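Student:
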Amino acid sequence: MTVDTTDPVEKPVEQSRRRRFVIPERFFTFQSYVALILVFLAAIIFSPRRNGEIVFLNSENLLNIVRAVSEIGILAIGMTFVILIAGIDLSVGAILGLAATGTASLLMVNDFGVAMTVLIILAIGMAFGATQGYLSARLGIQAFIVTLAGLQVARGLARIWSGGQGIALAYGDGPDVAPQAFSLLNSRTFNGTVPIPALIFAGVGVIALIVVRKTVFARHVYAIGGNERAARLSGIPVTRIKVTVFAISGLLAALAGIIHAGQLNQGSPNDGMGYELDAIAAVVIGGTSLMGGVGTVSGTLAGALLLGILNNILALNNIDSNVQLLIKGVIIVAAAGIQAFRSQQK
Amino acid sequence: MTVDTTDPVEKPVEQSRRRRFVIPERFFTFQSYVALILVFLAAIIFSPRRNGEIVFLNSENLLNIVRAVSEIGILAIGMTFVILIAGIDLSVGAILGLAATGTASLLMVNDFGVAMTVLIILAIGMAFGATQGYLSARLGIQAFIVTLAGLQVARGLARIWSGGQGIALAYGDGPDVAPQAFSLLNSRTFNGTVPIPALIFAGVGVIALIVVRKTVFARHVYAIGGNERAARLSGIPVTRIKVTVFAISGLLAALAGIIHAGQLNQGSPNDGMGYELDAIAAVVIGGTSLMGGVGTVSGTLAGALLLGILNNILALNNIDSNVQLLIKGVIIVAAAGIQAFRSQQK
Amino acid sequence: ACGTESDVPESAGGSAQPDEGTECAGADGEYLIGMSQANVAEPYRQQMDDDIEAAAAEVDQFEVVFADAAQDNAKQVADVENFLTQGIDLLIISPNEAAPLTAVVERAYNEGIPVIVLDRKIEGDSYTQFIGADNTEIGRAAGEYVATELLPDGGSVVELKGLPGSTPAQERADGFRAGIAANPNIEIIAEGVGDWLREKGQSQFEAILQAQQAIDVVYAHNDPMAEGAYLAAQAASRQSEMSFIGIDALPIPSGGIKAVEEGRLSATFVYPTGGKEAIATAEEILVQCAEVDKEQILETELITVENAAEIYARNATQ
Amino acid sequence: MTAPPLLAMRGIVKHFGGVHALRGVDLTVGAGEVHALLGENGAGKSTLMNILSGVVRPDGGGIELAGEPVALGSPAEAQAAGVAMIHQELDLVPQATVTENLFLGREPRTRLRTLDRAAMRRHARELLDDIGVELAPSRRLSSLRVGEQQMVAIAKALSLDARILVMDEPTSALSDSEVERLFAIIPGLRRRGVGVVFISHRMDEIAVVADRGTVLRDGRNAGSFVVAETPPAEIIRMMVGQPIEQLFPDREPPAERVRLRVRDLTVADGSDLGGRSEPRGVDLDVREGEVLGLAGLLGAGRTELLDALFGLAGHRLSGTVELDGEPVRLSDPRDAIAAGIGYVPEDRRASGLVMMESVAANIVLAALPALARAGWRRAAREREAVASSIRDLHIKTASAESAVGTLSGGNQQKVVFARHLLRQPRLLLLDDPTRGVDIGAKSEIYRLLAGLATSGLAVVVASSELPELLGICDRIAVLRGGRIVTVLDGRDATQEAILAAASIEQNSNPSRMEAG
Ligand SMILES: Nc1ncnc2c1ncn2[C@@H]1O[C@H](COP(=O)(O)OP(=O)(O)OP(=O)(O)O)[C@@H](O)[C@H]1O
Ligand SMILES: Nc1ncnc2c1ncn2[C@@H]1O[C@H](COP(=O)(O)OP(=O)(O)OP(=O)(O)O)[C@@H](O)[C@H]1O
Ligand SMILES: [Mg+2]
Ligand SMILES: [Mg+2]
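Chains as they are written, first to last, in this note's numbering: chain A, 1 to 346; chain B, 1 to 346; chain C, 1 to 318; chain D, 1 to 516.
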């Protein structure tokens with residue numbers, strides 16, 4: 001039996017015009033995983049080989065992929081919640097840059113400890129996100145506009161903070177260097193195999209999965225995205241939840257910024273340019289609807305990995321970067337197309 | 001009346017009756033013009049003076065402003081229609097780049113004439129836009145995603161077309177130079193005062209104003225944005241109109257690209273990066289709702305000029321570029337805030 | 001040199017200046033200098049601004065105002081127009097691209113404003129002085145260094161390129177190929193595109209490390225990408241198998257000289273910003289009322305661990 | 001019979017994914033005939049008519065107009081063939097003016113092919129006059145009352161000069177006086193030989209307007225009838241499959257204790273009210289176990305009064321509200337819910353349900369924090385609560401995890417009931433709880449209400465259907481212009497008395513009457 005999740009009368013009028021071939025519903029439930037598996041298989045097939053070994057499947061390569069997507073992945077997790085409430089957050093890349101700059105500055109210039117620095121930076125990211133959420137939820141300014149402006153403001157603040165240049169991290173004891181502990185972020189654990197950022201990404205992913213399944217907050221997020229008025233009439237504190245969602249997005253962007261600074265031994269105000277679009281792409285490929293109310297964190301994780309594998313296999317094969325742009329464009333549309341097809345079927 | 005026995009800190013029983021201050025509706029109708037005039041006056045006040053003359057009001061300066069906003073303005077006019085149908089077009093900056101590259105390439109490498117070149121480029125822009133419109137309207141993929149992918153594809157195509165380099169224009173007769181006629185675009189008319197791009201911008205603006213007022217097409221655009229289902233049920237060819245709207249946006253982006261190449265004597269695949277966000281900002285400041293169905297072309301023109309004046313006055317006062325980012329961010333939010341306040345009042 | 005007021009008016013701005021009417025006020029004047037920068041998001045260009053600011057602070061008569069075109073030719077044209085509206089006395093411009101900026105620079109020049117063009121030329125000769133380094137030359141120097149010093153017996157090279165479509169990326173690639181041509185045993189086995197960015201250098205090189213077993217030298221079009229590649233190699237514990245070279249050698253803590261000094265990069269090549277030189281030229285033109293040469297080509301310098309500390313101390317703005 | 005019927009639909013089949021909406025339905029309508037199309041929620045009435053008006057393509061079957069087979073592939077083709085439809089959901093553009101809406105999709109053009117605004121204005125006036133609606137054609141649609149909007153939709157459909165006019169529940173948003181105005185148009189249509197298909201869940205209307213009728217059940221024909229010859233009970237039996245013995249259940253009289261006491265409740269005007277009547281100086285008492293009805297014409301302010309009691313008027317509210325003697329502050333729905341008030345809003349699609357979510361998710365929505373521990377959900381308790389709600393309210397659903405959109409209208413309505421009942425409210429506010437709900441489900445909702453009242457709940461229910469109010473209420477308060485003009489006892493109130501109170505021309509200084 002097909003489950004009809006939308007209101008039948010709201011259907012596009014022409015929906016029944018074409019002959020429809022029916023795809024099992026199960027396919028769509030796992031749509032983003034299906035796409036992920038398809039891309040994974042394609043990557044194996046197209047992977048270069050070295051001494052007969054499939055380079056793509058090399059465990060180090062796979063871990064590299066997770067490391068490479070860890071920042072976008074963390075941004076995308078926050079973005080998932082934002083998009084679930086039918087919002088959008090264009091500022092995450094700029095907040096990442098601000099956080100990376102701030103981290104480097106606090107560690108190197110102000111000689112703060114690691115814990116202090118991380119706390120301050122996370123607080124800044126959260127406050128920035130919450131402010132945007134307040135402007136959008138309370139004053140009713142569209143999230144697209146608020147976060148577009150927020151992007152500029154965060155970028156400007158970061159440049160002013162650092163004087164425009166990146167701040168390099170040097171480790172050691174004493175003044176004017178960062179505590180050695182912070183260099184953990186560019187190291188690997190388990191015998192130097194698993195990159196710490198990949199671990200953090202996995203951790204954030206697990207927490208998000210638990211939050212979505214187990215908390216009242218997540219149910220409220222879905223309800224607001226599905227029907228804000230109904231949510232309000234059910235006594236859900238809509239404004240507070242929306243502000244919280246943007247605050248989470250800002251917090252995670254700041255976390256990604258700290259990781260960014262740690263991974264690259266530097267915080268630069270220009271870091272993270274355009275990351276917001278990659279994060280949004282990961283969320284959408286993962287099956288979350290930009291109209292809100294429908295989507296999963298696990299889909300987003302799959303979407304982020306899919307993008308990472310795509311980048312990796314294109315790079316492994318030395319594909320021309322312009323052709324890469326075309327291929328990525330087409331794959332994003334195809335992924336969204338599957339989804340659109342799905343909702344039309346229903 | 002019963003005595004309140006529960007909680008001494010309980011709020012007063014008498015429900016508060018707050019005086020609301022009511023802003024005349026007329027203010028909002030002219031909201032974007034009011035904002036434009038305010039910014040204009042502010043510009044006069046904050047303008048530097050030279051020999052007692054207000055530099056900002058210098059006629060050359062004013063014409064420079066119009067020239068400087070002409071491309072964004074043309075993009076914004078196309079974007080107005082797209083946003084009126086509750087869409088968004090993130091690809092216009094990239095199409096501008098593709099068109100500028102193509103123009104330069106056809107003129108310099110293929111030695112096509114001006115008319116032929118312009119026709120081909122406009123057709124490409126229109127076809128690109130129409131394709132995006134088709135994907136979004138017919139297959140139901142969200143415009144945000146389609147045009148985000150379109151952005152990458154157009155950028156990739158432009159790079160491939162030009163081999164990655166900008167193509168400089170040289171004028172003259174004979175092969176391997178562009179026809180002199182094309183240099184018209186970087187000249188000024190009326191005794192060298194009025195820049196041709198400013199004139200074209202004004203022309204496009206006038207045509208758009210007439211289209212909005214006088215055509216059935218425009219009525220259908222508003223209807224689709226207001227209630228797509230109602231539009232369908234009234235027999236309006238919704239898909240066709242949506243495709244047309246995206247085609248117009250692509251066409252105008254191509255036109256802006258041709259102007260860009262002419263103004264700058266070069267077509268480069270990296271031209272127009274981020275212009276889409278400026279165009280969207282102009283539309284939103286001009287009072288068009290991102291939810292579709294509400295807005296005006298004249299508001300968009302006012303919005304574009306407002307942004308131009310803002311850029312100009314910030315530059316004339318040599319405001320630090322990072323501080324400029326902050327100020328512009330705040331002003332965009334404020335403009336959107338006025339609008340939001342308006343729709344909340346209703 | 002220009003102590004007397006009876007000096008001929010053409011003294012300022014070189015012989016090609018068509019507007020002969022400007023008088024040189026010399027040391028008594030106050031001068032507003034407009035600096036139009038292509039994009040401060042590039043560390044090299046931010047450094048150029050910083051150099052100019054630092055140098056100008058030493059000259060009492062100078063006030064410098066900055067504009068940032070954020071990588072947009074059209075914005076840079078408007079920036080110059082706005083400088084003209086404000087009535088600057090001298091224009092320093094580092095054009096985003098040549099052809100698009102030519103017309104407006106020409107206009108400034110024809111209005112009698114001395115123009116110093118930094119780093120990237122404009123077309124024609126409507127400027128007072130060009131100060132810059134030669135990217136092709138630097139690429140060639142890097143190639144020759146690889147061909148003679150690092151891999152005299154040949155070997156495999158990985159190239160990490162800058163943003164496709166940008167002139168320096170093209171020239172640093174072409175020059176490098178010319179430089180290694182002398183040694184036929186050197187092969188470029190892979191090219192990655194790092195868009196000038198550290199993180200893209202890192203992830204691109206991670207993939208290349210997987211695909212390529214034997215890498216001798218990593219040549220990156222700038223230091224950040226070289227550093228990114230180093231991080232990738234370090235994570236794979238392969239950093240000692242190969243040498244890393246970059247370009248730019250900015251004298252800041254996050255720049256390439258420090259990276260050489262600290263042993264991450266084997267070499268980098270100074271891509272001078274010309275900021276200091278531009279102010280010096282401006283001083284000659286405006287304060288000393290002297291004529292200046294049409295071109296000032298800045299030499300690159302090879303930075304290795306031997307000279308890194310010394311050159312850092314010399315070039316740093318502070 | 002020699003002349004073919006005006007409309008003949010034969011063997012119409014339609015699937016939506018796995019839902020078999022129509023399984024071979026026949027329908028014939030003659031010229032000048034008003035044909036009632038009846039059936040439970042989800043029986044397929046709208047689908048059948050959407051096929052006729054080109055909105056939906058059938059999977060099988062054929063349509064003949066006056067004997068000619070036709071293919072109606074789009075709304076435009078159907079209009080060209082002479083079919084006009086007033087859709088169940090109002091299909092107008094809220095931001096556009098009345099005029100623009102009237103000519104949507106067929107705007108007149110000048111010789112230059114541009115929009116002919118002058119012609120639009122002229123014709124708009126005529127069209128509105130034809131159906132006796134006094135409205136400025138230049139008004140924005142969103143500033144009109146629902147009833148007025150409905151009249152615009154009717155004028156638009158009539159203006160197509162159609163041979164066949166389909167009205168899909170045109171009266172569900174209208175109150176009695178507007179319904180009368182609509183019915184006044186029908187004789188003219190008959191004379192012109194127009195065939196009218198009329199869909200409604202109000203049985204009393206069928207008897208007034210229709211000549212013949214067709215009943216659908218589960219996408220099949222369940223029978224046809226001639227109205228004049230068929231008793232209503234028989235029609236209901238055709239629809240539901242069994243007779244309904246007693247629509248309105250008997251109930252105990254309410255207790256004496258006052259549950260809700262409202263004094264001088266007033267809501268300050270917003271800046272742009274669009275014809276809404278905010279409550280003014282409302283005094284009201286509702287006792288434990290009492291069902292109080294709110295009657296009034298469209299726009300009388302019933303919804304606004306209920307909204308205000310649920311905290312939706314925010315800071316514009318003044319006056320005092322007490323529940324069981326305790327004063328409550330109502331500036332947000334959260335305050336109301338915390339105080340023990342439940343609300344089933346007027347438009348379950350827009351305000352009630354989260355359509356893409358499951359039945360279970362919709363039921364527990366308001367009770368989540370109460371069922372959880374420190375913000376962490378407790379799945380077992382939620383499952384229990386959902387199961388008992390489904391059981392107690394007889395919600396017909398395949399499973400608790402089914403999407404709520406798959407339920408019939410009546411069962412959707414019960415889901416909204418269940419959500420608020422889970423919070424064990426002291427006072428339940430209902431706004432037109434049976435709008436668009438079929439008669440079987442209606443009787444179940446009445447039974448549910450009776451049970452709740454008997455258990456001591458106080459209920460305030462607004463409705464446009466007077467027989468419903470008379471059947472279920474202990475007392476009926478009549479509103480006009482936001483004021484309570486009179487309160488009638490349920491047992492001896494009559495439709496005439498209510499209508500008279502509701503529609504007396506408003507004088508400049510109406511006397512305020514005490515309720516309770
Ligand atoms: N577009 C659609 N997609 C999927 N299912 C649909 C669609 N339209 C209708 N249905 C289903 O078809 C069946 C018939 O619906 P329809 O709207 O025709 O009923 P109805 O008789 O008009 O009911 P009501 O009295 O509630 O208006 C229902 O089960 C409904 O859920
Ligand atoms: N939130 C709102 N904002 C603006 N207009 C509204 C809002 N809610 C309702 N309206 C409008 O208020 C008008 C009056 O509503 P309505 O006809 O429902 O009045 P009512 O007195 O509640 O009558 P009934 O409940 O019988 O329908 C309508 O035109 C409706 O569109
Ligand atoms: Mg129906
Ligand atoms: Mg109502």
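Idealized CB from N, CA, C, for every residue including glycine. Quick caveat: nothing in here was measured; it's all calculated off a predicted structure.
How would you call Gly87/A, buried or exposed, if buried means at least 16 neighbouring beta carbons within 10 angstroms?
Tutor: As a first step, residue 87/A must be located in the first sequence, where it is residue number 87. Its Cβ being crowded by 16 or more others within 10 Å, Gly87/A is buried.
Student: Could you tell me how far apart the beta carbons of Gln266/B and Ala168/B are, in whole angstroms, since I believe they sit closer than 8 Å?
Tutor: Taking the second sequence and counting its residues from 1, one reaches residue 266/B at position 266. Taking the second sequence and counting its residues from 1, one reaches residue 168/B at position 168. Contact flag correct, Cβ pair sits at about 5 Å.
Student: Quick one: complete beta strand (DSSP E) runs, 3+ long, within the region 183-215 of chain D?
Tutor: Runs of the beta strand (DSSP E) inside the region 183-215 of chain D: 195-199.
Student: Name, please, each residue of chain B whose Cβ falls closer than 9 Å to the Cβ of Thr136/C.
Tutor: Start at 1 with the first residue of the third sequence, and residue 136/C comes out as number 136. Those do not exist, as Thr136/C stays about 14 Å from chain B at its closest Cβ, beyond 9 Å.
Student: Any idea what DSSP makes of Pro369/D, helix, strand or coil?
Tutor: The residue given as residue 369/D occupies position 369 in the fourth sequence. If DSSP states are grouped into helix, strand and coil, Pro369/D belongs with the helices.
Student: Use the C-beta contact count for Glu116/A: other C-beta atoms within 10 angstroms, 16 or more gives buried, fewer gives exposed.
Tutor: Start at 1 with the first residue of the first sequence, and residue 116/A comes out as number 116. First, the residue type needs correcting, since residue 116/A is Met and not Glu in the sequence shown. Met116/A comes out exposed.
Student: Going along chain C in order, which residues have a C-beta closer than 8 Å to the C-beta of Glu71/B?
Tutor: Residue mapping note: residue 71/B aligns to position 71 of the second sequence, counting from 1. Under the 8 Å cutoff, chain C gives Ala74.
Student: Look at Gly257/A and Leu96/A and say whether their C-beta atoms are less than 8 Å apart.
Tutor: By one-based count along the first sequence, residue 257/A stands at place 257. By one-based count along the first sequence, residue 96/A stands at place 96. Closer than 8 Å, so yes.
Student: Could you compute how far the alpha carbon of Leu182/D sits from the alpha carbon of Thr171/D?
Tutor: For this step, residue 182/D is matched to residue 182 along the fourth sequence. For this step, residue 171/D is matched to residue 171 along the fourth sequence. Computed Cα separation, rounded: 8 Å.
Student: Sort Leu231/C, Phe176/C, Asp68/C, Gln170/C by Cα distance to Gln47/C and report the nearest one.
Tutor: Residue mapping note: residue 47/C aligns to position 47 of the third sequence, counting from 1. It is Asp68/C whose Cα lies nearest to the Cα of Gln47/C.
Student: Just list the residues that DSSP pairs Lys161/C with in beta bridges.
Tutor: By one-based count along the third sequence, residue 161/C stands at place 161. BP columns for Lys161/C point to Val193/C.
Student: Closer than 7 Å to a non-hydrogen atom of ligand 3 - does that hold for the CB of Lys539/D?
Tutor: The question about residue 539/D has no answer here: the residues shown for chain D are numbered 1 through 516.
Student: If you compare alpha carbons, which of Ser331/D, Val56/D, Asp116/D, Glu169/D is closest to Phe16/D?
Tutor: To locate residue 16/D, count along the fourth sequence from 1; it is residue 16. Phe16/D has its Cα closest to that of Val56/D, out of Ser331/D, Val56/D, Asp116/D, Glu169/D.
Student: Let me check you understand the geometry: is the CB of Phe198/D closer than 7 Å to at least one non-hydrogen atom of ligand 1?
Tutor: Within the fourth sequence, the letter at position 198 stands for residue 198/D. Outside the cutoff, so no.
Student: Using beta-carbon positions only, say whether Ile259/A and Ser70/A come within less than 8 Å of one another.
Tutor: What you label residue 259/A is simply residue 259 of the first sequence in a count that begins at 1. What you label residue 70/A is simply residue 70 of the first sequence in a count that begins at 1. In contact: Ile259/A and Ser70/A (Cβ atoms closer than 8 Å).
Student: Whose CA, out of Ser47/A, Ala281/A, Glu60/A, Leu139/A, lies closest to the CA of Val333/B?
Tutor: In the second sequence, the residue the question calls residue 333/B occupies position 333. Minimum Cα distance to Val333/B is reached at Leu139/A.
Student: Mind checking whether the beta-carbon of Asp168/D lies closer than 7 Å to any heavy atom of ligand 3?
Tutor: For the purposes of this step, residue 168/D is taken as the residue at position 168 of the fourth sequence. Within the cutoff, so yes.
Student: Should Gln150/D be listed as close to ligand 3, given that the test is whether its C-beta is under 7 Å from any heavy atom?
Tutor: Within the fourth sequence, numbered from 1, the residue matching residue 150/D stands at position 150. Gln150/D Cβ: outside cutoff for every heavy atom of ligand 3.
Student: Cβ of Gly97/B versus every heavy atom of ligand 1: is any distance shorter than 7 Å?
Tutor: Reading the second sequence from its first residue, position 97 is the one you call residue 97/B. Not under cutoff, so the answer is no.
Student: Do you know whose CA, among Ala229/C, Arg107/C, Glu97/C, lies nearest Ser166/C's CA?
Tutor: By 1-based counting over the third sequence, the position of residue 166/C is 166. It is Glu97/C whose Cα lies nearest to the Cα of Ser166/C.
Student: Please indicate yes or no: does the CB of Gln204/C lie closer than 7 Å to some heavy atom of ligand 3?
Tutor: Sequence index remark: in the third sequence, residue 204/C carries index 204 (1-based). No, the Cβ of Gln204/C stays beyond 7 Å of every heavy atom of ligand 3.
Student: Say the cut is 7 Å; is the CB of Gln412/D nearer than that to a heavy atom of ligand 3?
Tutor: What you label residue 412/D is simply residue 412 of the fourth sequence in a count that begins at 1. Checking every heavy atom of ligand 3 against the Cβ of Gln412/D, none is found closer than 7 Å.
Student: Please compile the residues from chain D whose C-beta is within a distance smaller than 8 Å of the C-beta of Pro237/A.
Tutor: Here residue 237/A is taken as the residue at index 237 of the first sequence, counted from 1. Within 8 Å Cβ-Cβ: Arg334.
Student: How about Asp79/C: is its C-beta nearer than 8 Å to some C-beta of chain B?
Tutor: Translated into the one-based positions of the third sequence, residue 79/C becomes position 79. Yes, Asp79/C counts as interfacial toward chain B.
Student: Any Cβ of chain C within less than 8 Å of the Cβ of Phe21/A?
Tutor: For the purposes of this step, residue 21/A is taken as residue 21 along the first sequence, with counting starting at 1. Low local confidence applies: a pLDDT of 45 at Phe21/A is under 50, so the model's placement there is unreliable, and no value is given.
Student: By Cβ distance below 8 Å, which residues in the same chain neighbour Ala398/D in space, the five residues on each side in sequence not counted?
Tutor: Reading the fourth sequence from its first residue, position 398 is the one you call residue 398/D. Counting only Cβ-Cβ distances below 8 Å, and skipping sequence neighbours, we find Thr406.
Student: Leaving out five residues before and five after Thr214/D in sequence, what residues of the same chain have Cβ atoms less than 6 Å from its Cβ?
Tutor: Taking the fourth sequence and counting its residues from 1, one reaches residue 214/D at position 214. If we look at Thr214/D and ignore the five residues flanking it on each side, its Cβ neighbours are Leu27, Leu37, Ser224.
Student: Within 8 Å of any Cβ in chain B, is that where the Cβ of Gln170/C sits?
Tutor: The count along the third sequence starts at 1 and reaches residue 170/C at position 170. So yes, Gln170/C belongs to the interface.
Student: Please confirm whether Gly93/A and Tyr222/A have their CB atoms less than 8 Å apart.
Tutor: Here the question's residue 93/A lines up with position 93 in the first sequence. Here the question's residue 222/A lines up with position 222 in the first sequence. No, the pair does not count as a contact, with Cβ atoms beyond the cut-off.
Student: From the DSSP output, read off the bridge partner residues of Phe16/D.
Tutor: If you number the fourth sequence from 1, residue 16/D lands on position 16. Per DSSP, Val19/D.
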